[in-house]
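Since the structure comes first, as C-alpha cells, the remarks are kept for the end.
Protein chains: 2
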Amino acid sequence: MATSSTPSINSAVCPSADISVAPRRSLFPATASFSPRRLDLRPLSSSLPLGRFKAPAPISARSRSRTSACASAVTEDATKRADSRVSTVVDVDLGSRSYPIYIGSGLLDEPDLLQRHVHGKSVLVVTNTTIAPLYLDKVVKALTHGNEKVTVESVILPDGEKYKNMETLMKVFDKAIESRMDRRCTFVALGGGVIGDMCGFAAASFLRGVNFIQIPTTLMAQVDSSVGGKTGVNHPLGKNLIGAFYQPQCVLIDTDTLNTLPERELASGIAEVVKYGLIRDADFFEWQETNMQSLLARDPSALVYAIKRSCENKAEVVSLDEKESGMRATLNLGHTFGHAIETAFGYGQWLHGEAVAAGMVMAVDMSHRLGWIDDTIVKRVFCILQKGKLPTQPPEMMTVEKFKSVMAVDKKVADGLLRLILLKGPLGSCVFTGDYDQRALDETLRAFSKN
Amino acid sequence: MATSSTPSINSAVCPSADISVAPRRSLFPATASFSPRRLDLRPLSSSLPLGRFKAPAPISARSRSRTSACASAVTEDATKRADSRVSTVVDVDLGSRSYPIYIGSGLLDEPDLLQRHVHGKSVLVVTNTTIAPLYLDKVVKALTHGNEKVTVESVILPDGEKYKNMETLMKVFDKAIESRMDRRCTFVALGGGVIGDMCGFAAASFLRGVNFIQIPTTLMAQVDSSVGGKTGVNHPLGKNLIGAFYQPQCVLIDTDTLNTLPERELASGIAEVVKYGLIRDADFFEWQETNMQSLLARDPSALVYAIKRSCENKAEVVSLDEKESGMRATLNLGHTFGHAIETAFGYGQWLHGEAVAAGMVMAVDMSHRLGWIDDTIVKRVFCILQKGKLPTQPPEMMTVEKFKSVMAVDKKVADGLLRLILLKGPLGSCVFTGDYDQRALDETLRAFSKN
Chain A
1 MATSSTPSIN
11 SAVCPSADIS
21 VAPRRSLFPA
31 TASFSPRRLD
41 LRPLSSSLPL
51 GRFKAPAPIS
61 ARSRSRTSAC
71 ASAVTEDATK
81 RADSRVSTVV
91 DVDLGSRSYP
101 IYIGSGLLDE
111 PDLLQRHVHG
121 KSVLVVTNTT
131 IAPLYLDKVV
141 KALTHGNEKV
151 TVESVILPDG
161 EKYKNMETLM
171 KVFDKAIESR
181 MDRRCTFVAL
191 GGGVIGDMCG
201 FAAASFLRGV
211 NFIQIPTTLM
221 AQVDSSVGGK
231 TGVNHPLGKN
241 LIGAFYQPQC
251 VLIDTDTLNT
261 LPERELASGI
271 AEVVKYGLIR
281 DADFFEWQET
291 NMQSLLARDP
301 SALVYAIKRS
311 CENKAEVVSL
321 DEKESGMRAT
331 LNLGHTFGHA
341 IETAFGYGQW
351 LHGEAVAAGM
361 VMAVDMSHRL
371 GWIDDTIVKR
381 VFCILQKGKL
391 PTQPPEMMTV
401 EKFKSVMAVD
411 KKVADGLLRL
421 ILLKGPLGSC
431 VFTGDYDQRA
441 LDETLRAFSK
451 N
Chain B
1 MATSSTPSIN
11 SAVCPSADIS
21 VAPRRSLFPA
31 TASFSPRRLD
41 LRPLSSSLPL
51 GRFKAPAPIS
61 ARSRSRTSAC
71 ASAVTEDATK
81 RADSRVSTVV
91 DVDLGSRSYP
101 IYIGSGLLDE
111 PDLLQRHVHG
121 KSVLVVTNTT
131 IAPLYLDKVV
141 KALTHGNEKV
151 TVESVILPDG
161 EKYKNMETLM
171 KVFDKAIESR
181 MDRRCTFVAL
191 GGGVIGDMCG
201 FAAASFLRGV
211 NFIQIPTTLM
221 AQVDSSVGGK
231 TGVNHPLGKN
241 LIGAFYQPQC
251 VLIDTDTLNT
261 LPERELASGI
271 AEVVKYGLIR
281 DADFFEWQET
291 NMQSLLARDP
301 SALVYAIKRS
311 CENKAEVVSL
321 DEKESGMRAT
331 LNLGHTFGHA
341 IETAFGYGQW
351 LHGEAVAAGM
361 VMAVDMSHRL
371 GWIDDTIVKR
381 VFCILQKGKL
391 PTQPPEMMTV
401 EKFKSVMAVD
411 KKVADGLLRL
421 ILLKGPLGSC
431 VFTGDYDQRA
441 LDETLRAFSK
451 N
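Chains as they are written, first to last, in UniProt numbering: chain A, 1 to 451; chain B, 1 to 451.
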C-alpha cells in the first residue's frame, strides 16, 4: 500500500533537450479549436513595475487582452512597505465579480492587502492541521493588525483530499454558526486546493453566500485552483461533483509559503503550469523547458514568473467563460483521465497534479493516435514531465474498466457523450470535443492499463 | 407532545367584520420604507385573458410595473388544449435568469408546458412519500408524453421539515450520480416548500449547477417558496442557514393539486398570502378580509386569484432585489419570530405558515408598541389570521431566552444588530430596520412568552 501510493516515474529515456523545435504559432483552422488570443502586442514583461523581479530570459514577446487579464504593481502604499519585494497583480475581469490576484514574496506581512478585502467585523479562517502551525498566527496577525474591530475565528480541518467531503464541510458551517457569523462575515481559505475548494463552497452556501478570500499555500492552488471560482467537495463516486461557481474577493499568493512545501507537492503544481503551456501558451512551455530546474530549486523569480503567467492564462480563460460553457473546459487537459485515476485509486493516494500529469500524457497520446499532433510534441510533453519529477503513466492498478466507469460520470459528459480536451495542431493549441474516433480512446486506455 | 404540536388558536374574540377602514394609501415618508410601486394605472384584472376565471369582486384597480412582473395567458397552443381552464402566467424578470410562473387548473395535463423547459435527455424528479403516490405518475407522463428521448428518474424523500437537512440532500446527489446525470440534465421539484428548497439547492450544487423546474403542490410553496430562487437546507441551529440563490427554468402551479392538501397545510399557505397584503398590497388584504371563506372552501377562482396576486407581489420584489440586499427582506415579515418558534420547538412541530402567523402577530404588536401603526391594524391582523384558522400566539414552550438565542443567528443580523421587518404607517407599508427601541422588542417577547 505504501509503495502503491508513490507515483511511478516512467523510466523511459528522456530525449535530449535539443528537441525544442517550436512550430510557428498560427490559429489552428478548426472552428472548435482554442488558441491564444493576441489583442495587445506589447510584451507583458516590459510593462510591469516588478521591483527586483526580472522575467527570466529567454521570453519572447507575449501578447494578451488587457481587458480580460492585466498585470500591474500592487498599490503604492503596499509597494512602499515591501519596497524590495517581488510583487505583482493579475486582475480577473468578471464585471461586478472582478477581483485581484496579488502575487509576491512577503505579502502576508502586508496587513493592508488583506484588510481592504474584509467586509464586516467577523472573519472565519478555514485551514488544516498541516498549515495551521505554520501560517495561522501570521494570517490572524495580518487580519487584526491595527484593526481591533475584527474578530477572527478559525476552523482547522484534517489535511488531505480524502477529507474533501460533505462531512468535513459541515464542520465549517458548525463553526460559523456557533461563532454567530452573519451575512457580512468573511471566510478566508488558508491552505491548498482542498481547503480553497471547501472554504469557497462553504462561503457560497453559508447564509446563501458570504465574502471570501483565498490565501493559497501550495503551488497547485496558487497556479490553478484558487483562481476562477470553482468550489466544491467530492462524492464517493466522483471528484468535485457537488459545488458552486463562486468568486473570491481577492487571491493573496505569498510565495514565501512555498518554502515549506514538500517536493512532491511542488511537482504536483508544476503539472498545471505545464498544462497552460500545452493548451494555449507555447512560449511559456518553451520557457519551462529551459527553466524547470530553477522552478524545482524554488528560485523566487522563477516561481513568481511561473505563477503570474499561469494566473494570467487562467484569468483570461475564466474571464471569457466563467461557467465553463466551452473554452474554460480546456483548462482540464488531462483531468478526465486524471480524475479517473484519483477516484479509482482512492482520493489522496496520488496528488492531483500527479494524476493530471499521467492524464496529460494519455491525452497527448490519444491526440497523436488521432493524427492531430506530431510526435515531437508527444516527446516534449513526456520529457518536461520527467524533468518536473512527475509520473508519466497511471498507477498499475488502473484497468480499462476502471477508467471507463469513472469517466462515464465526468462533468464533461453531455447527453451520454464524453467530451475531452485534446491537442490539435501546433504546440499551444487544443480542442474540447466529443467528435473523435472512439477507437483512439480505447487504444490509449489499453496502452496505459495493465489489462 | 401531541397536543403541543397542534397550533394554539387564540380564543380572543375577533372584532366584527366591519373593521375595514382602509387608510388612504400614501407613500410613507420614511426613507427606509417600502410601499407598493405604481407605475401602470391599468387595472391588472382587466388586461388578463383568463378563460372562465373572473377576478372576485370587489377588487379595486391595481397597478404595478409591467417590466418587473406581468401576467398574460399561457401560449396559444396550451390555451387551446386547456380551453375552458383557468390559466395565467406571471413573469419573474431577472435578465438572463427570467422565468415564467404558470398558474392554473389542469396544467399537469399539458405536457408542452413542462417539456419546453426540459433541457437535455435526463430528468430527475425529486419528491416525497406523500406526494409520490398522488402525482408522480402524472408528472412522469407529462414529461415523457410524445417525447421518448427523455429518461425520467425519481428520488422519493421522507416528508417533513425535519428531513430538510444535508443528510437527506445527499440522497438526491446519490441518485443523480448513480443515474449518471450530466450537466444537461433537469431536476424537477414535485412537492411543497421543503422539496422545492432541497431540490433547488441540489440543482444549484450538482456539477456546480443544473437546470431545474418547480412544481409546487402546497399553497405555501405556490404563493411563496417556489418563487424567487431561495434554496437550501436547515442546520440543527437554524433554518435555511445553508443554501444558494438559484432560479428555476419555470414554476408550474397546477391548482388541482390543492384538492389533496390537508386543511392545516392550506391555512399555512394563507399566512403568506396575508403577509403580502400587510407589507405592500392593502387592496389585496381587503380582498382577503372579504374572501377568506372562499379560500378555505378552496373555491378555484379565489385560489387562482390569491396565488396570482401573491406571485405578482413576490415576482416584483424579487425582480428588484434578487439577493436580498434590502427590499426583499420585507418578504420576511413575521419570519424572524417564526423561525425562532420553528427552531426552538423542533422543525415540523408547527408548519412554517403557522409559525409565521404567530410571528406576524408579534411583529405587528411590536410595531404598535413603537407607535408606528394604529391599533385598527393590530385588530385586523389578529382577526384575519383567526378567520384563516391560524395561530395568533407562539406555542407555550417558547420563552424569551429561546426567542433571543435563535434570533441571534438569524440571517438578517448584520454586524451584531438584529434587523426586523415592521409595519409603519398605513396598511400595506413596512420597514426593514435595525433602528428601533430595543425595549419594544423586549416587551413583545415578554408579552408573548410564558416567563
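Ideal Cβ placement from N, Cα and C applies to all residues, glycine included.
*Mapping DSSP to helix, strand and coil, what is residue 335 of chain B?*
Reading the second sequence from its first residue, position 335 is the one you call residue 335 of chain B. Three-state DSSP puts residue 335 of chain B in a helix.
*Mind listing the chain A neighbours of residue 452 of chain B? Cutoff is C-beta to C-beta under 8 Å, in chain order.*
Here chain B has residues from 1 to 451 only, and residue 452 of chain B is not among them.
*Taking buried to mean at least 16 other C-beta atoms within 10 Å of its own C-beta, is residue 129 of chain A buried or exposed?*
Reading the first sequence from its first residue, position 129 is the one you call residue 129 of chain A. Counting the other CB atoms within 10 Å of its CB gives residue 129 of chain A a total below 16, which places it among the exposed residues.
*List in chain order: all unbroken alpha helix (DSSP H) runs of 4+ residues lying wholly within the UniProt domain "3-dehydroquinate synthase C-terminal" (269–413) of chain A.*
282–296, 300–320, 335–345, 352–369, 375–387 and 400–407
*Contact with chain B by residue 182 of chain A, beta-carbon distance below 9 Å*: For this step, residue 182 of chain A is matched to residue 182 along the first sequence. Yes - at least one Cβ of chain B is within 9 Å of the one on residue 182 of chain A.
_Distance, residue 89 of chain B Cα to residue 73 of chain B Cα_ = Indexing the second sequence from 1 puts residue 73 of chain B at position 73. Indexing the second sequence from 1 puts residue 89 of chain B at position 89. Because the pLDDT of residue 73 of chain B is 39, which lies under 50, any placement of that residue in the model is unreliable, and the number read from its coordinates should be weighed accordingly. So the two alpha carbons sit approximately 6 Å from each other.
*Between the stretch 398–426 of chain B and chain A, which residues of the former have a C-beta closer than 7 Å to a C-beta of the latter?*
Under the 7 Å Cβ criterion, the stretch 398–426 of chain B contributes 408, 409, 411, 413, 414 and 415.
_Neighbourhood of residue 31 of chain A by C-beta, 8 Å cutoff - its chain only, sequence neighbours within 5 removed_ = As a first step, residue 31 of chain A is located in the first sequence; it is residue number 31 there, counting from the start. Residue placement at residue 31 of chain A cannot be trusted, given a pLDDT of 29 that sits under 50; what the coordinates show is reported in the next sentence. Around residue 31 of chain A: no qualifying Cβ.
*Any idea if residue 39 of chain B is buried or exposed, counting beta-carbon neighbours within 10 angstroms, 16 or more meaning buried?*
By 1-based counting over the second sequence, the position of residue 39 of chain B is 39. With a pLDDT of only 27 at residue 39 of chain B, under 50, the local geometry of the prediction cannot be trusted, and the value read off the model is given with reservation. So residue 39 of chain B counts as exposed.
*Is residue 240 of chain B closer than 9 Å to residue 460 of chain A when the C-beta atoms are compared?*
Nothing can be reported for residue 460 of chain A, as the shown portion of chain A is limited to 1 through 451.
*Starting from residue 111 of chain A and walking both ways along the alpha helix (DSSP H), at which residues does that stretch end?*
Along the first sequence, one-based indexing puts residue 111 of chain A at 111. Looking at the DSSP string, the run of the alpha helix (DSSP H) that includes residue 111 of chain A is 111–115.
_Residue burial classification, residue 437 of chain B (beta-carbon count within 10 angstroms, cutoff 16)_ = By 1-based counting over the second sequence, the position of residue 437 of chain B is 437. Exposed: under 16 other Cβ atoms inside 10 Å.
*Are the CB atoms of residue 279 of chain A and residue 423 of chain A nearer to each other than 9 Å?*
Within the first sequence, residue 279 of chain A is the residue found at index 279, counting from 1. Within the first sequence, residue 423 of chain A is the residue found at index 423, counting from 1. It is a contact, given that the beta carbons lie within the stated cut-off.
*Do you know whose CA, among B:255, B:417, B:401 and B:326, lies nearest residue 430 of chain B's CA?*
Start at 1 with the first residue of the second sequence, and residue 430 of chain B comes out as number 430. Nearest option by C-alpha distance: B:326.
_Collapsed DSSP secondary structure at residue 50 of chain B in the structure displayed_ = Translated into positions along the second sequence, residue 50 of chain B becomes position 50. Any reading at residue 50 of chain B must be qualified, since the residue scores a pLDDT of 33, below 50, and its modelled position is unreliable; the value itself is stated next. Looking at residue 50 of chain B - three-state DSSP - the assignment turns out to be coil, as it is neither helix nor strand.
*Check whether residue 329 of chain B and residue 387 of chain B have beta carbons under 9 Å apart*: In the second sequence, counting from the first residue as 1, residue 329 of chain B sits at position 329. In the second sequence, counting from the first residue as 1, residue 387 of chain B sits at position 387. No, the Cβ-Cβ distance between residue 329 of chain B and residue 387 of chain B is not below 9 Å.
*Could you tell me the boundaries of the beta strand (DSSP E) in which residue 190 of chain A lies?*
Counting from one through the first sequence, the residue named residue 190 of chain A turns up at place 190. 186–191 is the extent of the beta strand (DSSP E) around residue 190 of chain A.
_Neighbourhood of residue 119 of chain B by C-beta distance below 7 Å, restricted to the same chain and skipping five residues each side_ = Reading the second sequence from its first residue, position 119 is the one you call residue 119 of chain B. Excluding positions up to five away in sequence, the list reads 184, 186 and 211.
*Per the contact definition of three or more C-beta pairs closer than 8 Å, is the stretch 150–160 of chain B in contact with the stretch 224–234 of chain A?*
no
*Residue from A:221, A:375 and A:365 whose Cα sits closest to the Cα of residue 189 of chain A*: Sequence index remark: in the first sequence, residue 189 of chain A carries index 189 (1-based). For residue 189 of chain A, the nearest C-alpha among the options comes from A:221.
*In chain order, what residues of the same chain have a beta carbon less than 7 Å from the beta carbon of residue 97 of chain B, not counting five sequence neighbours either side?*
Translated into positions along the second sequence, residue 97 of chain B becomes position 97. These residues qualify, in order along the chain: 247.
*What do you reckon, are the CB atoms on residue 233 of chain B and residue 272 of chain B nearer than 9 Å?*
Mapped onto the second sequence, residue 233 of chain B falls at position 233. Mapped onto the second sequence, residue 272 of chain B falls at position 272. Contact: no.
*Under 9 Å from the C-beta of residue 187 of chain A: neighbouring residues of chain B*: Reading the first sequence from its first residue, position 187 is the one you call residue 187 of chain A. Neighbours of residue 187 of chain A on chain B: none; closest Cβ ~13 Å, over 9 Å.
*residue 171 of chain A lies in the alpha helix (DSSP H); which residues open and close that run?*
Residue 171 of chain A sits at position 171 when you count from the first residue of the first sequence. It spans 166–178 - the alpha helix (DSSP H) in which residue 171 of chain A sits, taken as one unbroken run.
*Which partner residues of residue 250 of chain B appear in the DSSP bridge assignment?*
Position 250 of the second sequence, counting from 1, holds the residue named residue 250 of chain B. For residue 250 of chain B, which the question treats as bridged, DSSP gives the partners B:213.
*Give a yes or no on whether 9 Å exceeds the smallest Cβ distance from residue 244 of chain B to chain A.*
To locate residue 244 of chain B, count along the second sequence from 1; it is residue 244. It does: the Cβ of residue 244 of chain B has a partner Cβ on chain A nearer than 9 Å.
*Sorry if obvious, but does the Cβ on residue 385 of chain B come closer than 8 Å to a heavy atom of the ligand COA?*
By its list of ligands, the structure shown contains no ligand whatsoever, and the ligand COA lies outside what it can speak to.
*Return the CA-CA distance between residue 432 of chain A and residue 283 of chain A, expressed in angstroms with no decimal places.*
Your numbering for residue 432 of chain A matches position 432 in the first sequence. Your numbering for residue 283 of chain A matches position 283 in the first sequence. Whole-angstrom Cα-Cα distance: 21 Å.
_For residue 244 of chain B, tell me which candidate among B:281, B:251, B:235 and B:203 has the shortest Cα-Cα distance._
For this step, residue 244 of chain B is matched to residue 244 along the second sequence. Residue B:203 is the option with its Cα nearest to residue 244 of chain B.
_Only counting the same chain, and skipping five residues up and downstream in sequence, which positions put a Cβ closer than 6 Å to that of residue 168 of chain A?_
Within the first sequence, the letter at position 168 stands for residue 168 of chain A. These residues qualify, in order along the chain: 157.
_Unbroken alpha helix (DSSP H) run spanning residue 138 of chain B, endpoints_ = Locating residue 138 of chain B in the second sequence gives position 138, where the first residue counts as 1. Looking at the DSSP string, the run of the alpha helix (DSSP H) that includes residue 138 of chain B is 137–144.
*Would you mind sorting residue 332 of chain B into buried or exposed? The rule is 16 or more other CB atoms within 10 Å of its CB.*
Here the question's residue 332 of chain B lines up with position 332 in the second sequence. Answer is buried; the Cβ neighbour count reaches 16.
_Contact set between residue 237 of chain B and chain A, taken where Cβ atoms lie within less than 7 Å_ = Position 237 of the second sequence, counted from the first residue, corresponds to residue 237 of chain B. Those are 177, listed as they occur along chain A.
_Residues bridged to residue 196 of chain B [DSSP beta-bridge criterion]_ = Locating residue 196 of chain B in the second sequence gives position 196, where the first residue counts as 1. According to DSSP, which records beta bridges pairwise, residue 196 of chain B is partnered with nothing at all.
*asked:* Only counting the same chain, and skipping five residues up and downstream in sequence, which positions put a Cβ closer than 7 Å to that of residue 237 of chain A?
replied: Start at 1 with the first residue of the first sequence, and residue 237 of chain A comes out as number 237. Same-chain partners within the cutoff: 409.
*asked:* Just list the residues that DSSP pairs residue 233 of chain B with in beta bridges.
replied: In the second sequence, residue 233 of chain B corresponds to position 233, counting from 1. Its beta-bridge partners are B:242.
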